[in-house]
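Going by our numbering, the letters in the sequence shown line up with residues 915 to 1037, in that order. Even glycine gets a Cβ: it sits at the ideal position worked out from N, Cα and C. Accompanying notes for the structure given below.
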Amino acid sequence: MARAPRSGPYICGIDAALDVVSGKWKGLILWELEARGVLRFAELRRGLPGVSEKMLTQHLREMEADGLVHRQVYAEVPPRVEYSLTEHGRTLNQALGPLGAWGTERIRREGSEKVVVDEAAQV
């Protein structure tokens, strides 16, 4: 079940889409899960240098509520939790592909050396 919009009713489709991907890490979480498949929390965190445990947990919970990420809990000792993309999450990743291409072009145009772009990994 999707969560309610954070700021009242949506004005348009862009508003609804940005509500779901708002936050610095959500797009990167989608990309990491698409690129690497099913991941445990620590594996996902290692793939996102700079993300705090609190922020990753918060974003994963929101993305699960939005139907983008599936959280699988295994009844083992110690407990094991794995995260993967849902089909809905995969379609969002496909929609974000052109935005990523636009961002890559912007990096090239500005000559930014702060960002390492892995073109082979782009969705």
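For the pair Y997 and L953, the CB atoms are nearer than the 8 Å cut-off. Rounded to whole angstroms, the gap between the alpha carbons of R1023 and A1015 is 12 Å.
In the three-state scheme derived from DSSP, where H, G and I count as helix and E and B as strand, E990 is classed as coil. Taking a contact to require three or more Cβ pairs closer than 8 Å, the region 957-971 and the region 1000-1015 do not qualify as touching. G1011 has its alpha-carbon roughly 28 Å from the corresponding atom of V995. If you draw a 10 Å sphere on the C-beta of E948, you find 16 or more other C-beta atoms in it, and that means buried.
Judged by DSSP secondary structure, I928 falls within the alpha helix (DSSP H) whose first and last residues are 927-935.
As DSSP reads the structure, L953 sits in a beta bridge with Y997.
Counting of Cβ neighbours within 10 angstroms places G1003 among the buried residues, the total reaching 16 or more. Annotation: H973 to S936 spans about 9 Å, alpha carbon to alpha carbon. The closest CA to that of L970, considering only H984, F955, A931, is found on F955.
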